[in-house]
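Trainee: Mind having a look at this structure? Questions to follow.
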Amino acid sequence: MVRWIRVLYTDFTTFTNDQEHLISSVDSFNYLEGFVIINRTGKTLFCLEIAKYIYQEQDTESINQKIDEQLSKLNYIPATLFISEVSYVGFLDRVHVNEMKLREKGLWDVPHPWLNLLIPKRSIHHFAQHVFGNILTYTSNGPVLIYPVNKSKWKKTSMVTPDENVFYLVAFLSSAIPSSTGKDRLQHILEQNKRILSFCRKARLSVKQYLPHYNTEEEWKHHFGSQWETFSRKKSTYDPLAILAPGQRIFTRASERAQQ
Numbered sequence: 145m146v147r148w149i150r151v152l153y154t155d156f157t158t159f160t161n162d163q164e165h166l167i168s169s170v171d172s173f174n175y176l177e178g179f180v181i182i183n184r185t186g187k188t189l190f191c192l193e194i195a196k197y198i199y200q201e202q203d204t205e206s207i208n209q210k211i212d213e214q215l216s217k218l219n220y221i222p223a224t225l226f227i228s229e230v231s232y233v234g235f236l237d238r239v240h241v242n243e244m245k246l247r248e249k250g251l252w253d254v255p256h257p258w259l260n261l262l263i264p265k266r267s268i269h270h271f272a273q274h275v276f277g278n279i280l281t282y283t284s285n286g287p288v289l290i291y292p293v294n295k296s297k298w299k300k301t302s303m304v305t306p307d308e309n310v311f312y313l314v315a316f317l318s319s320a321i322p323s324s325t326g327k328d329r330l331q332h333i334l335e336q337n338k339r340i341l342s343f344c345r346k347a348r349l350s351v352k353q354y355l356p357h358y359n360t361e362e363e364w365k366h367h368f369g370s371q372w373e374t375f376s377r378k379k380s381t382y383d384p385l386a387i388l389a390p391g392q393r394i395f396t397r398a399s400e401r402a403q404q
């Protein structure tokens, strides 16, 4: 069984403080995610979604008391508290349920110009102030995720993360409607993504992209930063002919180099 909880905030600082409190807590919730919601009137809300897994051998009453205690330390809008209980499988399958609804409407097999950013904690408020409600004025064409991560959990990976103990994932998971002439048309979303990236560069927020699209080795070197030499050395050792993952265009295959 999963106790699934959602609450809302209007203040971004309060929202992020609660998120950071939860990821630093021992024996806290099993799942945490945040959302940015901007409606058609331009009002911005922040949704905190958390979940606690309840196993058969556990005392449900004791778990519920712990949940209530943890919730009492948060500063969400009290009237927005929504709690539901679902099966573990049902909770894991929640995205698939939404997928089926979109498929029925013909809104699944459309372009998805997603943008995933990893933002240092020190930069997240500057980013939010200039992006949410300014560059991004509408979120009905796909969810916008935002939640903090402890860097200590990402040590053994070649994925590039910001150089700070806590960083935020901000994911713009847009869906473009090919026939649209409004804010959910593909070109509008692509231009919006460019504006967000341009702001991050000009403001020097030390943002890293997750699954970026770069065309030159110099861009990849800048992306990896101090990790480039180690990453390049491992590639030369374990894949010297650059056979694996050619689509990312990080390294040139030996056969292509020979033709140049």
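One rule links them: number in this note's numbering = place in the sequence shown (from 1) + 144. By construction, the Cβ of each residue, glycine as well, lies at the ideal position given by its N, Cα and C atoms. All figures in this text were calculated on a predicted structure; none of them were measured in a lab.
#1: Do you know how far the Cα of Gln392 is from the Cα of Asp298?
#2: Please report the straight-line C-alpha distance between Ile194 and Phe276, rounded to a whole angstrom.
#3: Run the CB neighbour count on Gly178, radius 10 Å, all protein chains shown included, and call it buried at 16 or more, exposed below.
#4: Identify whether Phe173 lies in helix, strand or coil by the three-state DSSP scheme.
#5: According to DSSP, Ala195 sits in a beta bridge with which residue or residues?
#6: Can the beta-carbon of Leu269 be found closer than 9 Å to that of Phe156?
#7: Return the Cβ separation of Lys352 and Leu262 in integer angstroms, given the expectation that the two are a contact with Cβ distance under 8 Å.
#8: Counting beta carbon pairs with one atom in the segment 278 to 290 and one in the segment 170 to 189, are three or more of them shorter than 8 Å?
#9: Bridge partners of Ala223, per DSSP?
#10: Look at the alpha carbon of Thr305 and the alpha carbon of Phe311, and state the distance between them as a whole number of angstroms.
#11: Counting only runs of 4+ residues fully inside the segment 309 to 366, write out the alpha helix (DSSP H) ranges in chain order.
#12: With Tyr382 as the anchor, note down where its alpha helix (DSSP H) starts and where it stops.
#13: Whole angstroms are fine: how far does the CA of Arg150 sit from the CA of Ile227?
#14: Terminal residues of the continuous beta strand (DSSP E) containing Asn260?
#15: Just how far apart, CA to CA, sit Leu259 and Gln331?
#16: Where does Ser90 sit, in a helix, a strand or coil, going by DSSP?
#17: Below 8 Å CB to CB, which residues in the same chain sit around Leu251 once its five sequence neighbours on both sides are set aside?
#18: Give me, in chain order, the residues of the same chain whose beta-carbon lies closer than 6 Å to that of Ser172; leave out the 5 immediate sequence neighbours on both sides.
#19: Helix or strand or just coil, what does DSSP make of Leu189?
#20: Between the alpha carbons of Glu361 and Phe368, how many angstroms are there, rounded?
#21: Thinking just about the alpha-carbon of each residue, which of Asn208, Pro384, Gly234, Leu192 is nearest to the one in Ile198?
#22: Compare the beta carbon distance of Glu164 and Pro264 with 9 Å and say whether it is the shorter of the two.
#23: Considering only C-alpha positions, which residue in the set Asp212, Met244, Lys327 is nearest to Arg147?
#24: From the DSSP output, in three-state form, read off Asn294 for me.
#25: Can you give me the Cβ contacts of Glu308 inside the same chain, cut-off strictly under 6 Å, excluding the 5 residues immediately before and after it?
#26: Give the single residue among Asn174, Thr185, Met303 whose Cα lies nearest to the Cα of Leu355.
Mentor: Reading it off the structure:
#1: On the sequence shown, position 154 is the one that residue 298 refers to. On the sequence shown, position 248 is the one that residue 392 refers to. Sequence check: residue 298 is Trp here, not Asp. Put simply, the backbone Cα of Trp298 is about 21 Å away from that of Gln392.
#2: Position 50 of the sequence shown, counted from the start, is the residue given in the question as residue 194. Position 132 of the sequence shown, counted from the start, is the residue given in the question as residue 276. One C-alpha to the other measures close to 22 Å.
#3: Numbered from 1 along the sequence shown, position 34 holds the residue referred to as residue 178. Answer is buried; the Cβ neighbour count reaches 16.
#4: Residue numbering aside, residue 173 sits at position 29 when the sequence shown is read from its first letter. The three-state secondary structure of Phe173, taken from DSSP, is coil.
#5: Working through the sequence shown from its first residue, we reach residue 195 at position 51. Ala195 is bridged to Trp148, Tyr175.
#6: On the sequence shown, residue 269 is found 125 positions in, with the first residue counted as 1. On the sequence shown, residue 156 is found 12 positions in, with the first residue counted as 1. Per the sequence presented here, residue 269 reads as His, with Leu not at that position. Yes, they are a contact pair.
#7: Walking along the sequence shown from the start, residue 352 turns up at place 208. Walking along the sequence shown from the start, residue 262 turns up at place 118. Their Cβ separation, rounded to whole angstroms, is 4 Å, which keeps Lys352 and Leu262 in contact under 8 Å.
#8: In short, these stretches touch, since the Cβ pair count reaches three.
#9: What you label residue 223 is simply residue 79 of the sequence shown in a count that begins at 1. The partner list for Ala223 (beta bridge, DSSP) is empty, contrary to what the question assumes.
#10: Working through the sequence shown from its first residue, we reach residue 305 at position 161. Working through the sequence shown from its first residue, we reach residue 311 at position 167. A straight-line Cα-Cα distance of about 8 Å links Thr305 and Phe311.
#11: Listed in chain order, the complete alpha helix (DSSP H) runs (minimum 4 residues) inside the segment 309 to 366 are 330 to 347.
#12: Within the sequence shown, residue 382 is the residue found at index 238, counting from 1. 372 to 382 is the span of the alpha helix (DSSP H), which, as asked, contains Tyr382.
#13: If you number the sequence shown from 1, residue 227 lands on position 83. If you number the sequence shown from 1, residue 150 lands on position 6. Those two C-alpha atoms are separated by around 7 Å.
#14: Counting from 1 along the sequence shown, the entry for residue 260 is found at position 116. Element bounds for Asn260: 259 to 264.
#15: As a position in the sequence shown, residue 259 is number 115, starting the count at 1. As a position in the sequence shown, residue 331 is number 187, starting the count at 1. Looking at the two C-alpha atoms, the distance is approximately 14 Å.
#16: Any question about residue 90 goes unanswered here, given that the chain covers just 145 to 404.
#17: Residue mapping note: residue 251 aligns to position 107 of the sequence shown, counting from 1. Within the same chain, Leu251 has close Cβ partners Ser319, Ile321.
#18: Against the sequence shown, residue 172 aligns to sequence position 28. Closer than 6 Å at Cβ, skipping near neighbours: Leu166.
#19: Locating residue 189 in the sequence shown gives position 45, where the first residue counts as 1. Residue state, collapsed to three classes: strand.
#20: Taking the sequence shown and counting its residues from 1, the one referred to as residue 361 is at position 217. Taking the sequence shown and counting its residues from 1, the one referred to as residue 368 is at position 224. Distance between the alpha carbons of Glu361 and Phe368 is about 11 Å.
#21: Translated into the one-based positions of the sequence shown, residue 198 becomes position 54. When each option's Cα is compared against that of Ile198, the closest is Asn208.
#22: The residue labelled residue 164 in the question sits at position 20 within the sequence shown. The residue labelled residue 264 in the question sits at position 120 within the sequence shown. The answer is no: Cβ separation not under 9 Å.
#23: For the purposes of this step, residue 147 is taken as residue 3 along the sequence shown, with counting starting at 1. Arg147 has its Cα closest to that of Asp212, out of Asp212, Met244, Lys327.
#24: In the sequence shown, residue 294 corresponds to position 150, counting from 1. Here Asn294 sits in strand by DSSP.
#25: Indexing the sequence shown from 1 puts residue 308 at position 164. The residues are Pro264, Lys265.
#26: As a first step, residue 355 is located in the sequence shown; it is residue number 211 there, counting from the start. Ranking Asn174, Thr185, Met303 by Cα distance to Leu355 puts Met303 first.
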